[in-house]
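Residue numbers (the working numbering): 79 to 260.
Working notes, beginning with the structure itself.
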Amino acid sequence: MKRLSLIFVLSLFVWAFTASPVAAQSATKSNSPTVKFPSEKPDFQGILQLKFNYIKENLTVSDKNAEKFWALYEKYITEEKNIHASFKKAMDSKGIKRETLKEGKGTEEQISFYLNQKMIFKDKMYQLDKNFYNEAKVLLSSKELYDFYHLEQSFKDQCTKRQQQAQMAKKQTPQPAAPQKK
Numbered sequence: 079m080k081r082l083s084l085i086f087v088l089s090l091f092v093w094a095f096t097a098s099p100v101a102a103q104s105a106t107k108s109n110s111p112t113v114k115f116p117s118e119k120p121d122f123q124g125i126l127q128l129k130f131n132y133i134k135e136n137l138t139v140s141d142k143n144a145e146k147f148w149a150l151y152e153k154y155i156t157e158e159k160n161i162h163a164s165f166k167k168a169m170d171s172k173g174i175k176r177e178t179l180k181e182g183k184g185t186e187e188q189i190s191f192y193l194n195q196k197m198i199f200k201d202k203m204y205q206l207d208k209n210f211y212n213e214a215k216v217l218l219s220s221k222e223l224y225d226f227y228h229l230e231q232s233f234k235d236q237c238t239k240r241q242q243q244a245q246m247a248k249k250q251t252p253q254p255a256a257p258q259k260k
């Protein structure tokens, strides 16, 4: 079950892997800034806002194209939110809960629907990433674009690490003993 939740977080940022082969190599660099996570667990919309803020604070873009690039990136984040919302809406329309599928309690029909929707989701994300890259490479220098993808990968890595730490802390927290019947 915990492995599936890790896979889900990774799939949320799947486009970071497909966007640039250089991004995967840059994940090993240790000079990345730190994400400022809120104390409460953010929902997906909150994570996207964190990602936007993280990149905006840490990416240096030439003044000439800064306004156009940030408008493009804001549009990208909005479209990404819409893709995730449509996936969630499709799951909700069939009454499919992630927890049910994770626990292996989904019906054959639910699993099939989920897998089909997941492929549609991934295709939409790939097209969004591809379009963003094609527009961004006109606005940014190669170095700026590389730094952008490096920051995206760094953000994903830090989110994954935080989730793993939360899961470890949850495992180590003693569960209250069940009341005994007399």
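Where a beta carbon is used, it is the ideal one built from N, C-alpha and C, also for glycine.
Rounded to whole angstroms, what's the CA-CA distance from Thr238 to Ala247? Just pull it up for me.
14 Å
What span of residues does the alpha helix (DSSP H) with Lys249 cover, start to end?
220-250
For Gln205 and Phe165, which I take to be in contact (beta-carbon distance under 8 Å), what is that distance rounded to the nearest angstrom?
Incorrect: roughly 14 Å between the Cβ atoms, too far for contact.
Counting Cβ pairs closer than 8 Å, one from the region 177-189 and one from the region 208-228, do we hit at least three?
no
Going by alpha carbons, who is nearest to Phe40 out of Glu157, Phe226, Ser171?
Coverage of the chain is limited to positions 79 through 260, which leaves residue 40 absent and any answer about it impossible.
Rounded to a whole number of angstroms, what is the C-alpha to C-alpha distance between Lys215 and Glu230?
The straight-line gap from Cα to Cα measures roughly 16 Å.
So what does DSSP say about Thr156, is it helix, strand or coil?
The answer is helix: DSSP assigns Thr156 an H, G or I state.
Distance, Cα to Cα, Leu150 vs Met197?
Here the C-alpha atom of Leu150 lies approximately 25 Å from the C-alpha atom of Met197.
Determine the direct distance from the alpha carbon of Leu137 to that of Phe233, and round the result to whole angstroms.
12 Å
Inter-residue Cα distance where the pair is Glu157 and Asn212
16 Å
When DSSP labels each residue in this structure, what does Val216 get in the three-state scheme?
helix
When Phe191, Glu177, Asn160, Ile155 are compared against Ser171, the one with the closest alpha-carbon:
Residue Phe191 is the option with its Cα nearest to Ser171.
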